[in-house]
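Asks: Residue numbers (this note's numbering): 193 to 303.
Input: one structure, supplied below.
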Amino acid sequence: MIIWFAAMSIILTWMVFQSPALDYRLVALGAVLPAIEVPFGGGPLHSLGAATFVLAVVMIATQKRRLLRRQLLGLPIGLYVHLILDGAFMDARTFWWPFMGLSFTPGPAPE
(Lines of atoms letter the chains of each structure in order from A; the text may use other names.)
(Lines give C-alpha, C1' and ligand atoms only; values in the text may rest on other atoms or scores of the structure.)
Protein backbone atom coordinates (compact mmCIF):
# COMPACT_ATOMS: atom_id res chain seq x y z
CA MET A 193 0.00 0.00 0.00
CA ILE A 194 2.73 2.49 0.91
CA ILE A 195 4.77 1.66 -2.18
CA TRP A 196 1.65 2.12 -4.35
CA PHE A 197 1.07 5.66 -3.08
CA ALA A 198 4.75 6.65 -3.15
CA ALA A 199 5.51 5.31 -6.63
CA MET A 200 2.27 6.35 -8.33
CA SER A 201 2.39 9.84 -6.84
CA ILE A 202 5.87 10.40 -8.26
CA ILE A 203 4.88 9.03 -11.67
CA LEU A 204 1.64 11.04 -11.91
CA THR A 205 3.28 14.24 -10.69
CA TRP A 206 6.11 13.87 -13.17
CA MET A 207 3.63 13.25 -16.00
CA VAL A 208 1.72 16.45 -15.14
CA PHE A 209 4.45 18.92 -14.13
CA GLN A 210 7.77 17.56 -15.49
CA SER A 211 9.61 19.94 -13.19
CA PRO A 212 13.20 19.18 -12.19
CA ALA A 213 12.92 21.72 -9.33
CA LEU A 214 10.08 19.88 -7.58
CA ASP A 215 11.23 17.65 -4.74
CA TYR A 216 9.66 14.30 -5.58
CA ARG A 217 10.66 12.90 -2.19
CA LEU A 218 8.20 15.34 -0.62
CA VAL A 219 5.56 14.33 -3.16
CA ALA A 220 6.00 10.72 -2.04
CA LEU A 221 5.96 11.75 1.64
CA GLY A 222 2.75 13.73 1.13
CA ALA A 223 1.14 10.77 -0.62
CA VAL A 224 2.11 8.34 2.16
CA LEU A 225 1.35 10.66 5.09
CA PRO A 226 -2.44 9.97 5.21
CA ALA A 227 -1.69 6.25 5.63
CA ILE A 228 -0.81 7.08 9.25
CA GLU A 229 -4.54 7.47 9.93
CA VAL A 230 -5.55 4.05 8.63
CA PRO A 231 -5.31 2.23 12.00
CA PHE A 232 -7.55 4.91 13.49
CA GLY A 233 -10.25 4.68 10.81
CA GLY A 234 -9.36 7.76 8.78
CA GLY A 235 -9.20 11.39 9.69
CA PRO A 236 -8.46 14.90 8.49
CA LEU A 237 -5.59 13.94 6.17
CA HIS A 238 -8.15 12.20 3.96
CA SER A 239 -10.00 15.48 3.46
CA LEU A 240 -9.70 18.20 0.88
CA GLY A 241 -9.52 20.77 3.66
CA ALA A 242 -6.30 19.40 5.16
CA ALA A 243 -4.49 19.32 1.81
CA THR A 244 -5.66 22.85 1.05
CA PHE A 245 -4.55 24.03 4.49
CA VAL A 246 -1.05 22.58 3.94
CA LEU A 247 -0.95 24.27 0.52
CA ALA A 248 -1.91 27.63 2.07
CA VAL A 249 0.75 27.29 4.77
CA VAL A 250 3.44 26.53 2.18
CA MET A 251 2.38 29.45 -0.01
CA ILE A 252 2.29 31.93 2.89
CA ALA A 253 5.50 30.70 4.53
CA THR A 254 7.56 30.82 1.33
CA GLN A 255 6.72 34.27 0.01
CA LYS A 256 9.65 35.71 -1.96
CA ARG A 257 11.51 32.38 -1.73
CA ARG A 258 10.65 30.83 -5.05
CA LEU A 259 13.04 27.87 -5.05
CA LEU A 260 12.04 26.78 -1.55
CA ARG A 261 8.38 27.11 -2.57
CA ARG A 262 8.90 24.85 -5.59
CA GLN A 263 10.46 22.20 -3.40
CA LEU A 264 7.90 22.38 -0.59
CA LEU A 265 4.94 22.34 -2.96
CA GLY A 266 5.61 18.63 -3.30
CA LEU A 267 4.02 17.99 0.10
CA PRO A 268 0.51 19.34 -0.66
CA ILE A 269 0.70 17.94 -4.19
CA GLY A 270 1.37 14.52 -2.67
CA LEU A 271 -1.61 14.94 -0.34
CA TYR A 272 -3.86 15.79 -3.30
CA VAL A 273 -2.55 12.84 -5.32
CA HIS A 274 -3.24 10.54 -2.36
CA LEU A 275 -6.88 11.64 -2.38
CA ILE A 276 -7.10 10.75 -6.07
CA LEU A 277 -5.32 7.39 -5.80
CA ASP A 278 -7.32 6.50 -2.71
CA GLY A 279 -10.70 7.36 -4.13
CA ALA A 280 -11.29 9.41 -0.98
CA PHE A 281 -13.77 11.57 -2.88
CA MET A 282 -16.21 8.65 -2.80
CA ASP A 283 -16.71 9.18 0.95
CA ALA A 284 -18.25 12.66 0.91
CA ARG A 285 -18.40 13.15 4.68
CA THR A 286 -14.68 12.58 5.18
CA PHE A 287 -13.60 14.21 1.91
CA TRP A 288 -15.46 17.45 2.62
CA TRP A 289 -14.57 17.56 6.34
CA PRO A 290 -15.22 19.93 8.17
CA PHE A 291 -17.81 21.40 5.76
CA MET A 292 -20.21 18.43 6.12
CA GLY A 293 -19.79 18.07 9.88
CA LEU A 294 -16.94 17.61 12.30
CA SER A 295 -17.27 13.84 12.63
CA PHE A 296 -15.82 11.36 10.18
CA THR A 297 -17.62 8.49 8.51
CA PRO A 298 -17.51 5.51 10.87
CA GLY A 299 -15.65 2.47 9.63
CA PRO A 300 -12.32 1.89 7.96
CA ALA A 301 -10.30 4.58 6.20
CA PRO A 302 -10.75 4.82 2.43
CA GLU A 303 -7.50 2.89 1.86
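For each residue, glycine too, the CB sits at the ideal point set by N, CA and C.
Just so it is clear, the structure is predicted and the values come from calculations on it, not from any experiment.
In whole angstroms, what separates the C-alpha of A223 from that of A243?
Replies: For the purposes of this step, residue 223 is taken as the residue at position 31 of the sequence shown. For the purposes of this step, residue 243 is taken as the residue at position 51 of the sequence shown. Roughly 11 Å between the two C-alpha positions.
Asks: Hey, A220 and G270 are a contact pair by Cβ (cut 8 Å); roughly how many whole angstroms apart?
Replies: Taking the first residue of the sequence shown as 1, we reach residue 220 at position 28. Taking the first residue of the sequence shown as 1, we reach residue 270 at position 78. Indeed they touch by this definition, with Cβ atoms about 6 Å apart.
Asks: Give the straight-line distance between the Cα atoms of F209 and L260, rounded to the nearest whole angstrom.
Replies: Here residue 209 is taken as the residue at index 17 of the sequence shown, counted from 1. Here residue 260 is taken as the residue at index 68 of the sequence shown, counted from 1. Distance between the alpha carbons of F209 and L260: 17 Å.
Asks: Using a threshold of 8 Å, state whether the C-beta atoms of L247 and P268 are closer than that.
Replies: If you number the sequence shown from 1, residue 247 lands on position 55. If you number the sequence shown from 1, residue 268 lands on position 76. Yes. Within cutoff.
Asks: Check each candidate in I276, V249, K256 and name the one with the smallest Cα separation from F239.
Replies: As a first step, residue 239 must be located in the sequence shown, where it is residue number 47. Strictly speaking, residue 239 in this sequence is Ser, with Phe absent from that position. For the residues I276, V249, K256, the minimum Cα distance to S239 belongs to I276.
Asks: Alpha carbon to alpha carbon, how far is M282 from L214?
Replies: The residue given as residue 282 occupies position 90 in the sequence shown. The residue given as residue 214 occupies position 22 in the sequence shown. Going from the Cα of M282 to the Cα of L214 covers about 29 Å.
Asks: Would V249 pass as a contact of L265 if the rule is Cβ separation under 8 Å?
Replies: Here residue 249 refers to the residue found at position 57 of the sequence shown. Here residue 265 refers to the residue found at position 73 of the sequence shown. No, these two residues do not count as a Cβ contact at 8 Å.
Asks: Rounded to a whole number of angstroms, what is the C-alpha to C-alpha distance between W196 and F245?
Replies: For this step, residue 196 is matched to residue 4 along the sequence shown. For this step, residue 245 is matched to residue 53 along the sequence shown. About 24 Å.
Asks: If we ignore side chains and look at the alpha-carbon of each, how far apart do G241 and T205 end up?
Replies: Residue 241 sits at position 49 when you count from the first residue of the sequence shown. Residue 205 sits at position 13 when you count from the first residue of the sequence shown. The straight-line gap from Cα to Cα measures roughly 20 Å.
Asks: Note down the Cα distance separating S201 from R262, rounded to an integer number of angstroms.
Replies: Start at 1 with the first residue of the sequence shown, and residue 201 comes out as number 9. Start at 1 with the first residue of the sequence shown, and residue 262 comes out as number 70. Taking the straight line joining both Cα atoms gives about 16 Å.
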